[in-house]
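Quick note: this note's numbering has the sequence shown finishing at residue 403, numbered continuously throughout.
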Amino acid sequence: MLRALRRMSTQAKTEAAAAVSEARKPTGLVMQIVVRRDLMTTHNWPIGPLMAQAAHAASAVQHLHAEHPDMKRYLAGDDGRGWMDMRKALLEVPDEEALQRLHTALEKAGIPHHLWVEEPEHFPTALALVPNKRGKAVKRALDEAGASLWK
């Protein structure tokens, strides 16, 4: 019985070591997606269309900046499995003015992003940034626009 326990213990150790060697290596990059809170509170949009706006912005920034080194690394990772560890943060700003302010600040700072404008209404709804490590310029732009985690 003791031998069986030792064998199981060794087997468990081997399996744990294999799991560690198979562990993915996160890049530390995160894609921030910013949605207007007033679409829900003032304009009475249901949550489904709000989620669609976030998805539109994320898809658009990925398509438009597919060749950006951080986008490539975000998708590939350091081990070829980056798509398995994608990190996204869903943020909110109070209204269209704040979203436009964020867009302008990001443009001025040269931070790649995409402002999603719902058509045919020409109604800005969401914005997504190319994956990044939340540097000072990104933090400053988000803070100045009043962005916070969506709750």
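Idealized CB from N, CA, C, for every residue including glycine.
Asked: Nearest to residue 370 by CA position, among 291, 279, 346, is which residue?; Found: 291
Asked: Could you please give me the residues that DSSP links to residue 343 through a beta bridge?; Found: 286, 401
Asked: Please work out which residues of its chain come closer than 6 Å, Cβ to Cβ, to residue 273, disregarding the five sequence neighbours upstream and downstream, and give them in chain order.; Found: Below a pLDDT of 50, predicted positions are generally treated as unreliable, and residue 273, at 43, falls in that range; no measurement from the model is reported.
Asked: Under 9 Å between the Cβ atoms of residue 372 and residue 348?; Found: no
Asked: With distances taken Cα to Cα, identify the nearest neighbour of residue 393 among 351, 293, 335, 342.; Found: 351
Asked: Using 8 Å for Cβ pairs, my map puts residue 343 next to residue 399. What's the rounded Cβ distance?; Found: 5 Å
Asked: Give me the DSSP bridge partner(s) of residue 378.; Found: 287, 368
Asked: When the Cα of residue 201 is compared with those of 282, 391, 326, 338, which residue comes out closest?; Found: Because the chain in this structure spans residues 253 to 403, residue 201 falls outside the shown range and cannot be described.
Asked: With a cut-off of 9 Å, does the C-beta of residue 354 fall near any C-beta of chain D?; Found: Of the chains in the structure shown, none is chain D; there is only one protein chain.
Asked: For the alpha helix (DSSP H) that residue 395 lies in, which residues bound it at each end?; Found: 388-396
Asked: With distance defined between alpha-carbon atoms, name the residue in 383, 296, 284, 294 nearest to residue 317.; Found: 383
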